[in-house]
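Asker:
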Amino acid sequence: MIFYKKDTDHIVTLTLNMAGRDTNIINHEVSRAFLPVIEHLRAEKQKGNLRGVIITSAKKSFCTGGDLEYLSKTDDPEAIFELAEQLKATFRALENPGVPVVAAINGTALGAGFELALACHYRIAIDQNTTWFGFPEAQLGLIPGGGGITRLTWLLGIKKAYPILSGGHRYNPQEALQLELIDELAGSPREMLEKAKAWIMSTREARRPWDQKGAAIPGGTAQDPEVAIFLRNEAARLFATGAHRLPAQRSLLSILYEGSKVDFDTACRLESRHFTSLLRSKETKNMIKAFWLDQNFIKNGGNRPKGYGKFRPRKVGIIGAGRMGSGIAYVCLDFGMEVVLKDVSKPIAERGRDYVSKRLEKMQASGRKKPAECEAMLQRIHTTESSADFEECDLVIEAVFENRMVKQKVMREAEEYIDDYSLFGTNTISIPITRLAEGSIRPSNYIGLHFFPPAEEVPLVEIVRGAETSEESVARAFDFVRAIRKTPIVVKDDWGFFAARVQNTFILEGITMLAEGYPPALIENLGVQAGMPRGALSLADNLGLNMVLRYENQAAEHYGSRYIQHPAVDVLKVMLEELQRPGQQKRAGFYSYQGEKATGLWDGLDGAFSNTKKRAKNEELMERFLFAQVLEAVWCMQEKVIHSVPAANLGSIFGWGFPAFKGGVIQYVNDYGVEAFVKRCATFKKKFGQRFSVPSKLKSIVSQ
Amino acid sequence: MPEAYIYDALRTPRGKGKSSGSLYEVKPVELLSATLQALQRRQPIQPNQLDDTIIGCVTPIDDQGYNIAQAALLHNGWETSGGSLQINRYCASGLEAVNLAAMKIRSGWGHLVLAGGVESMSRIPMGSDGGALLFDPDILIKAHYLPQGIAADLIATLEGFSRELLDEYAYQSQQRARHAVEAGYFSKSLVPIYDRNGLLILDRDEAVRPDANMDKLSQLKPAFEALGHMGFDDMALERFPVLDAVQHGHTAGNSSGIVDGAALVLVGSEAAGSAAGLKPRARIRAAATVSVDPTLMLTGPAPATQKALQLSGMNVKDIDLWECNEAFAAVVLKFQHELKIPDSKLNVNGGAIAMGHPLGATGAMLLGTLLDELERQDKQTGCVTLCAGGGMGIATIIERV
């Protein structure tokens, strides 16, 4: 798997090419395979037959990361620790053959793959837009396992290394160069190898900084008061984002702090110990389940109707140049599609282009996009006031405001110009697709494509199947969503679809607590402490109390005589009818507003509702917030509103910010323990009502 | 006046105090935490029953700074009723912590007090906290303040202890320690150190050299000769003009080792102990400190012991077993000669020469070792004594109950 080639200058090129895989990864096998090679290199050096080493890959990418397949199944602390230590020993040996070592990075190098590059003395990468670098571990609740934290600290200093490690971001070659993750760029594979050889020929130093006497971490260790204060502030900052609930984020700061005060190898060992405990932590297991296993299920076409050819949309029509339409336009452009953006007049449609170009300016300023790329994207967008321009579109998405008549009108206009093979998607949050499809000439091609604001950022799209929507249209919608690198979840045309329906139970539970007499601040804070992105009352204001009530009324309609009124309904009615506080849009809701900005909880809440319970069992309130959502999601599974556990989990995390460290809304039950969950529901049912009764199929659903 | 009882004593193993030592990867607050957790596993006490926690630490800077006792308590989520205190009486700190705890109990103003010490000499090197007495020329010149090794050499020279005698003592320490380790005498109070995953890091005193012999010891170079020749010998002679020269008899082999470790002793009144369901193991009969010549610095154990004996109304013969900290071989030998203590009663399981001297923790460690040995031999009374920097000595007398 490691091919050895020596040239006349005594430079050895090691080419990594793992059999039976599309990409190289770092696993036990590779880790061990390197050792005899390094042994041989050292012997060559002894004989004076070695000038330098180049490490590169025969695949399209350099090395894409660690063996998550294996890691996700391992729980034995000794085995994990040994694996991490073994990998570190390999990298340690690799950087010490006695001659300079260069990573010739021909393609993407992520995670442990990038650690391999860091274990080389110098990094030269090909400047191409298919290549990414970085440490995505943080997004899985993990940390690098091969000494990457310590190496990066020694190369860049604590302050520069920290955001790269904690953010889990991927960087393109230009950004990586700017961040000093790599040392040099090359235009082609040939140039890369030439530069690698040139660097070796001009370099005598064969020791890494940490192996040189007197060398120090740039910017100082945590003993340096300035660095110590930096780390202390970052620890505080974790609370501002809720990231302090993620063990990996805490471990990372702890390793930077402690690791900088001990020698290199000990710092690496601290990494291994943290790595081991993280991999065994519930939070990390949940995140690996969601962002790896569940994500792969969707990527591999889970819930996509089978038997239809792949849909490759090239040109997308978008109706409505508001924030949603413009956001969708941006994403489509970003993934190489042409966009026709239509609104009632050309100047209004132009606002969409402005939106895109402003965003591109920002991306360019931060180095995330190159000028040429931005230029090309802007050239692919056409604004118009005429539906006739949709003629060549493979797909038209309507994102006008939430009104059935308007939505149907623009649909009919567009349908005149598109053909039988094109798809029509509507971005609605609450109008049934089946009703909207009435009056369509091609109801089988009509589908809900529910983006979440901001569309360019939220990585989820609900695909809503109307009564007449064909299976092929679902498959095509799925392919479109994958083509813009978002996660598609296929949902039933029921009230609130999946995301809004489940999220609403969180809001209702918070409002219920208000009726029970809990202080509003407590309700908001405990919602956040439970892991939700914002408090239930704040969310209600944002959505509008009318909307919250409308979803619940739709539930009442749906269940008919079986419906038991939610205790929050009375509060909503008081807020809407007596107090005239419908939410953020009217600048009055559970919060007070100055302009669009909330200035604080409305001080009239204390008078309007009892606010008598100053003391609460915090744990119980936090569990109610999450249980309410989990139960609703299980009902959704049982009622086939959503069809798979991965879709429900990812939908909950991406759609409305259900805590990722719980693994999503269904995984929560497994995390809590199924029996314990059922038992706790029984207690809640007795105390708080029927809404906590357990759906009959819960056990079989969560064990899928 | 309430009596002060010892309810438990425990310690970590001692790891070599350098980057190759096993405990180098363990931060000091974790060493202390490990002993707190072990105490909670062993005894039915709740943190809120503790009136105070007093922890000795000689280099209280960086990760040992800002009151490491409080850091360790909060690291474990312990909410005690009396908070905590970090103290520094140099090498006497760990025992001073116990003595202060006993005084709190005997005054009636405290009921259950945790005492102990911690020192990660690998992480926070000795002397890295600076200090006027150690580094300010104005003061060290006035006080004729020597490096401790030279003070030990000075004592050996004044007492006529030959290099061979010092090495013989060191060899005995190694032998006794090896025997004690092999026989499991320390296991009762030893708290193994595990990592965050429950993987073992260290469960034995790491510095012991079972292969030590007189030949090897005699070949070691004098450790403080170069330093002495630089001028410290002359500083010593100015105070002791009777000497011709300072003989540099101490080596790395007959001086205490640099190690990492922590120790705890639970002290309380009879009433508080029985209310908490604790079983008393010994009573603290007397405690004392003395100040001695700062240049000789390390001659405190004998006068401190005499002071404690006097306080308890006892004499040397009343003490069954002795622990005198093996800071340097000459310190113990001088103490032994002065008080005429038989070999069979003194440092019977070896000491810091073999196992190392984690500065702030040693006093508390020795107390635990002494108590375990009294119980094993079924003897009644014991005395722990240490020399300390600045020219001090400390002693504590205990009696089993």
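Each protein sequence line maps, in turn, to chains H and E.
Whatever position you read off the first sequence (first residue = 1), add 227 for the working numbering.
Whatever position you read off the second sequence (first residue = 1), add 93 for the working numbering.
Quick reminder that beta carbons are idealized off the backbone N, C-alpha and C, glycines included.
Do H/SER504 and E/ARG289 have their CB atoms nearer than 7 Å?
Answerer: In this structure, E/ARG289 lies closer than 7 Å to H/SER504 by Cβ.
Asker: Counting pairs of beta carbons, one from the stretch 699-709 of chain H and one from the stretch 841-860 of chain H, are three or more of them closer than 8 Å?
Answerer: No: the two stretches stay apart, fewer than three of their Cβ pairs being nearer than 8 Å.
Asker: Run through the DSSP bridge pairs and tell me what E/ALA208 is partnered with.
Answerer: In DSSP, E/ALA208 forms a bridge with E/ILE147 and E/VAL358.
Asker: Who does H/GLN450 pair with in a DSSP beta bridge?
Answerer: DSSP lists no partner for H/GLN450.
Asker: Give me the residue from H/LYS914, H/LYS913 and H/TRP862 with the minimum Cα distance to H/VAL892.
Answerer: It is H/TRP862 whose Cα lies nearest to the Cα of H/VAL892.
Asker: Let me know the alpha helix (DSSP H) ranges lying completely inside the stretch 378-412 of chain H, each 4 residues or longer, listed in chain order.
Answerer: Segments of the alpha helix (DSSP H) lying fully in the stretch 378-412 of chain H: 385-394 and 400-405.
Asker: Using beta-carbon positions only, say whether H/VAL329 and H/ILE265 come within less than 7 Å of one another.
Answerer: Taking 7 Å as the Cβ cut-off, H/VAL329 and H/ILE265 do not qualify as a contacting pair.
Asker: DSSP three-state call for E/MET485: helix, strand or coil?
Answerer: Correct three-state label for E/MET485: strand.
Asker: Could you list which residues in chain H have their beta carbon closer than 8 Å to that of E/GLY291, in chain order?
Answerer: In chain order: PRO304.
Asker: To the nearest angstrom, how far is the alpha carbon of H/GLU310 from that of H/LYS526?
Answerer: As written in the sequence, residue 310 of chain H is Leu, which differs from the Glu given in the question. Straight-line Cα distance between these residues: approximately 29 Å.
Asker: Can you give the Cα-Cα distance for H/VAL901 and H/VAL929, rounded to whole angstroms?
Answerer: Their backbone Cα atoms lie some 8 Å apart in a straight line.
Asker: Cβ atoms of H/ALA346 and H/LEU321: under 7 Å apart, would you say?
Answerer: Yes; because the gap between Cβ atoms is below 7 Å, this pair is in contact.
Asker: I want to verify the contact list: residues of chain E whose CB lies under 9 Å from the CB of H/PHE308, in sequence order.
Answerer: Those within 9 Å of H/PHE308 in chain E are ASP288, ASN290 and LEU292.
Asker: Near H/ALA825, what residues of its chain come up, given a Cβ to Cβ distance below 6 Å and the 5 sequence neighbours on each side ignored?
Answerer: TYR818.
Asker: Looking at C-beta atoms only, is the number of pairs between the stretch 193-202 of chain E and the stretch 102-117 of chain E that lie closer than 8 Å three or more?
Answerer: No contact exists between the stretch 193-202 of chain E and the stretch 102-117 of chain E.
Asker: Taking Cβ to Cβ, would you say E/ILE490 is nearer than 7 Å to E/ALA401?
Answerer: Yes, they are a contact pair.
Asker: Using a C-beta cutoff of 7 Å, does H/THR610 count as contacting chain E?
Answerer: So no, H/THR610 is outside the interface.
Asker: Which same chain residues end up closer than 6 Å to H/PHE341 when comparing Cβ atoms and leaving out the 5 residues on each side of it in sequence?
Answerer: Closer than 6 Å at Cβ, skipping near neighbours: PHE360.
Asker: Straight-line CA distance for H/GLU461 to H/ASN845?
Answerer: Using only the alpha carbons, I get a separation of about 27 Å.
Asker: Express the C-alpha separation of E/GLY393 and E/ASP145 in angstroms, rounding to a whole number.
Answerer: Taking the straight line joining both Cα atoms gives about 28 Å.
Asker: How long is the line joining the alpha carbons of H/MET759 and E/HIS168, rounded to whole angstroms?
Answerer: Cα to Cα, the separation comes out at about 27 Å.
Asker: Are there 16 or more other CB atoms within 10 angstroms of the CB of E/HIS322, so buried, or fewer, so exposed?
Answerer: It is exposed - the Cβ of E/HIS322 has fewer than 16 other Cβ atoms within 10 Å.
Asker: Note down, in chain order, all residues in the stretch 270-282 of chain E with a beta-carbon under 8 Å from any beta-carbon belonging to chain H.
Answerer: If the cut-off is 8 Å between Cβ atoms, the stretch 270-282 of chain E has nothing near chain H.
Asker: When you compare only the Cα positions, how much space is there between H/ILE555 and H/PHE362?
Answerer: Rounded to whole angstroms, H/ILE555 to H/PHE362 spans 28 Å at the Cα level.
Asker: Using the three-state DSSP reduction, which class does H/ASP236 fall into: helix, strand or coil?
Answerer: Coil at H/ASP236, not helix or strand.
Asker: Within 7 Å (strictly less), CB to CB, does H/SER499 reach chain E?
Answerer: No, its Cβ sits nowhere closer than 7 Å to a Cβ of chain E.
Asker: CB of E/ARG256 to nearest heavy atom of the ligand SAM: below 6 Å?
Answerer: Looking for the ligand SAM in the displayed structure turns up nothing, as the structure carries no ligands at all.
Asker: Run through the DSSP bridge pairs and tell me what H/PHE230 is partnered with.
Answerer: Bridge partners of H/PHE230: H/THR242.
Asker: Which first and last residues belong to the alpha helix (DSSP H) in which H/VAL872 is found?
Answerer: Its alpha helix (DSSP H) spans residues 872-883.
Asker: Name, going along the chain, the residues of the stretch 224-245 of chain E whose beta-carbon falls closer than 8 Å to a beta-carbon of chain H.
Answerer: Residues: none.
Asker: Closer than 7 Å between beta carbons: that is the criterion. Which residues of the stretch 440-452 of chain H meet it against chain E?
Answerer: If the cut-off is 7 Å between Cβ atoms, the stretch 440-452 of chain H has GLN450 near chain E.
Asker: When you check each C-beta in the stretch 484-495 of chain H against every C-beta of chain E, which residues fall closer than 8 Å?
Answerer: For the stretch 484-495 of chain H, which is checked against every Cβ of chain E, the residues closer than 8 Å are GLU485, LYS488, VAL489, ASP490 and THR493.
Asker: Is there at least one Cβ from chain H nearer than 7 Å to E/GLU118's Cβ?
Answerer: Interface residue, yes.
Asker: Check the Cβ of H/THR826 against every Cβ in chain E and list those closer than 7 Å, keeping chain order.
Answerer: Per Cβ cutoff of 7 Å: no residues; H/THR826 is ~36 Å from chain E at best.
Asker: Please decide whether E/SER112 counts as near chain H, where near means a Cβ-Cβ distance under 7 Å.
Answerer: Yes, its Cβ sits closer than 7 Å to a Cβ of chain H.
Asker: Against chain H, with Cβ distances strictly below 7 Å, would E/ASP155 count as a contact?
Answerer: Yes, E/ASP155 counts as interfacial toward chain H.
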